[in-house]
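J.:
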Amino acid sequence: MKGWRNKTKYGLQCFFDVLARSLGLNMLPRYLWFEVTDRCNSKCRYCNIWRKTKHRTPLTVGRLRGLFSSRLFRNIQYILNSGGEPTVRKDLVELLLMEHEVFPNATIQLSTNGLRKDKVLEAVNVLSSNGVVLSVGVSLDSLSESNDNLRGVPGAREKVIDLLESLQPLQEQGKVKVTVGITFTNKNEVDLENTIRYVRGLGFQPLLNWYNTSGFYDNFESEVSCGKSIELLKKYFPDSAYRDHWIKSLRTGDYRFNCWALRSFFVLKCDGTASTCLSHYDWEFGNMACNEPSYVWEDQPSNVVRAKVAKCEGCCNNWGVGWSFQTEGYKRFKNYVRRKIFGSKDCIRS
Ligand SMILES: C[S@@+](CC[C@H](N)C(=O)[O-])C[C@H]1O[C@@H](n2cnc3c(N)ncnc32)[C@H](O)[C@@H]1O
Ligand code: SF4
Ligand code: SF4
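If you count by numbering that gives the first Met the number 0, then the sequence shown holds residues 0 to 349, one letter each, in order.
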């Protein structure tokens with residue numbers, strides 16, 4: 000009964016969001032990608048954030064509390080804490096606790112390279128003792144030595160494995176929910192099967208990241224490129240609207256979809272600058288620490304960026320596509336009906 004009530008509520012929410020958008024009305028964001036810091040302790044080959052010499056000054060937890068308490072954020076359901084590497088921030092636990100206090104019903108996600116096991120376990124344990132099940136996304140590109148080669152840190156694979164094995168009993172006790180992010184490139188395609196089997200064997204959910212070349216990653220010169228095997232995607236990625244979009248994009252070269260950036264989600268940089276997504280990190284529309292967030296959301300520069308989003312060439316970014324499909328519901332519903340009628344074209348499970 001509760002399931003049907005939730006589904007009906009979600010269906011109505013999708014309907015009203017689509018209606019509001021077609022009437023040209025703004026909505027309040029539900030999902031937030033937050034850059035906890037722009038510093039990093041890794042040396043990845045396909046992400047050059049660690050090479051940055053100029054850094055933004057991150058807002059203190061106190062200032063962030065004030066910012067997140069704005070009316071603009073009252074519908075937030077999901078906050079993805081990323082970066083840079085969040086665990087390099089000394090007050091990470093305080094920050095995550097503050098987020099839970101301000102958004103008590105939201106999912107709090109921490110995205111990490113897994114090099115600082117102590118910091119991740121501390122965050123999981125402190126949040127759990129405050130009644131919060133933290134979602135942790137740990138990056139592991141491969142079980143072979145190509146992982147350390149891609150991540151640029153000798154011993155990174157062992158550290159991540161050690162962390163994952165420490166998280167396993169905590170997940171079994173219901174204290175944390177773990178996903179493992181595998182960036183799908185030409186360099187780790189061959190190891191994918193082993194990596195996914197290992198991750199699933201621990202009881203964790205693997206998540207393939209679409210490889211992106213962009214100013215955010217500053218990787219225009221990288222010799223790493225996107226994984227292109229549709230067969231692998233079909234085999235190892237759960238049957239979903241997102242996978243349908245990714246496969247269609249690889250087949251046709253057309254990455255467009257109805258994007259809800261600056262409607263149901265946006266990117267907040269660590270100094271309060273509001274931006275669009277990782278492909279268009281430079282599409283900024285104001286600073287929410289210097290101005291009232293609701294004003295920044297409604298002001299003219301945000302409308303200029305909304306017009307650019309409407310003409311965007313598209314992408315397969317997992318949260319950009321995922322949050323858009325989640326908001327309008329239509330593609331997910333279509334995939335659901337197809338699976339019900341024709342069965343799931345699902346990936347391997349063991
Ligand atoms: C930018 S990192 C930030 C969090 C943390 N430092 C980490 O590595 O997990 C978030 C995710 O993006 C992935 N990533 C890095 N470079 C990428 C790229 N060029 N395209 C797509 N994803 C990328 C990382 O592997 C990681 O899973
Ligand atoms: S992917 Fe993460 S760990 Fe690697 S350089 Fe980028 S921010 Fe740092
Ligand atoms: S379609 Fe993708 S690249 Fe374009 S604005 Fe949306 S999230 Fe960014």
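We treat Cβ as the ideally placed atom computed from N, Cα and C, and that holds for glycine.
Does DSSP put G321 in a helix, in a strand, or in coil?
T.: helix
J.: With three or more beta-carbon pairs closer than 8 Å as the criterion, would you say the stretch 282-295 touches the stretch 320-339?
T.: no
J.: In terms of residue numbering, what span does the alpha helix (DSSP H) encompassing Y197 cover?
T.: 191-200
J.: How long is the line joining the alpha carbons of S343 and K234, rounded to whole angstroms?
T.: Spanning the two alpha carbons is a distance of roughly 12 Å.
J.: Based on Cα-Cα distance, which residue from V189, D238, P205 lies nearest to I195?
T.: Residue nearest to I195 within the set V189, D238, P205 is P205 (criterion: CA-CA distance).
J.: Going by DSSP, what residue range makes up the alpha helix (DSSP H) through W296?
T.: 292-297
J.: Grab the span of the beta strand (DSSP E) containing K176 for me, first residue to last.
T.: That run of the beta strand (DSSP E) goes 175-183.
J.: I'd like to confirm the pairing. Which residues does DSSP put opposite I107 in its beta bridges?
T.: Per the DSSP secondary-structure output, I107 pairs in a beta bridge with I78.
J.: Would the beta-carbon of D400 fall within 8 Å of that of S224?
T.: Only positions 0 to 349 of the chain appear in this structure, which leaves residue 400 out of reach.
J.: I need the straight-line Cα distance from R250 to C276, nearest angstrom please.
T.: 24 Å
J.: Got a sec: does ligand 2 put a non-hydrogen atom nearer than 7 Å to the Cβ of I181?
T.: no
J.: How many Å lie between S349 and V179 at the Cα?
T.: In this prediction, S349 scores a pLDDT of 43, lower than 50, which makes its location untrustworthy; the coordinate-derived value is nonetheless stated afterwards. The C-alpha of S349 lies about 16 Å from the C-alpha of V179.
J.: Among V177, L126, R4, which residue has its Cα nearest to the Cα of V198?
T.: Out of V177, L126, R4, V177 has the C-alpha closest to the C-alpha of V198.
J.: Indicate, with yes or no, if ligand 3 has a heavy atom lying under 7 Å from the CB of A240.
T.: no
J.: Taking Cβ to Cβ, would you say S110 is nearer than 8 Å to G136?
T.: yes
J.: Report all residues for which the CB-ligand distance to some heavy atom of ligand 2 is below 6 Å; order them along the chain.
T.: Listed by chain position, these are C39, S41, C43, C46, I48, W49, G82, G83, E84, N112.
J.: Buried or exposed: where does R331 fall if 16 or more other Cβ atoms within 10 Å of its Cβ makes it buried?
T.: Only buried fits R331, as 16 or more other CB atoms lie within 10 angstroms of its CB.
J.: In chain order, what are the residues with a CB under 6 Å from some non-hydrogen atom of ligand 3?
T.: C258, A260, T275, C276, S278, H279, V308, C311, G313, C314, N316, G319
J.: Going by DSSP, what residue range makes up the beta strand (DSSP E) through W32?
T.: 30-36
J.: Return yes when the C-beta of Y210 is under 7 Å from any heavy atom of ligand 1, and no when it is not.
T.: Within 7 Å of the C-beta of Y210 there is at least one heavy atom belonging to ligand 1.
J.: Consult DSSP for T272 and reduce its assignment to one of helix, strand or coil.
T.: Residue state, collapsed to three classes: strand.
J.: Using beta-carbon positions only, say whether G113 and V159 come within less than 8 Å of one another.
T.: yes
J.: On the DSSP bridge assignment, give the partners of C225 in chain order.
T.: For C225, which the question treats as bridged, DSSP gives the partners T184.
J.: In chain order, what residues of the same chain have a beta carbon less than 8 Å from the beta carbon of T106, not counting five sequence neighbours either side?
T.: Q76, Y77, I78, S134
J.: Can you tell me whether G117 is buried or exposed? The criterion is at least 16 other CB atoms within 10 Å of its CB, across all chains shown.
T.: Position check: residue 117 holds Asp in this sequence, whereas Gly was assumed. By the 16-neighbour rule on beta-carbons within 10 angstroms, D117 is exposed.
J.: List the whole-angstrom C-beta distance separating E34 from S81, where the pair is believed to meet the contact cut-off of C-beta under 8 Å.
T.: 6 Å
J.: Tell me the DSSP bridge mates of W209?
T.: F183
J.: Using a Cβ distance threshold of 8 Å, determine whether the stretch 58-68 contacts the stretch 93-102, with at least three qualifying pairs required.
T.: The count of Cβ pairs closer than 8 Å, one atom from the stretch 58-68 and one from the stretch 93-102, reaches three, so the stretches are in contact.
J.: Using beta-carbon positions only, say whether W209 and N25 come within less than 8 Å of one another.
T.: No.
J.: So, with DSSP's three-state summary, where would you put R337?
T.: helix
J.: Mapping DSSP to helix, strand and coil, what is L91?
T.: helix
J.: Under 7 Å from any heavy atom of ligand 1, does the C-beta of W343 make it?
T.: Residue identity differs from the one stated: residue 343 is Ser in this sequence, not Trp. No, Cβ of S343 sits at least 7 Å from all heavy atoms of ligand 1.
J.: Could you say which of D270, E312, Q108 lies nearest to S248 if we only look at CA atoms?
T.: E312
J.: Between Y235 and ligand 1, is there a pair consisting of the residue's CB and a ligand heavy atom that are separated by less than 7 Å?
T.: Answer for Y235: no, Cβ out of range of ligand 1.
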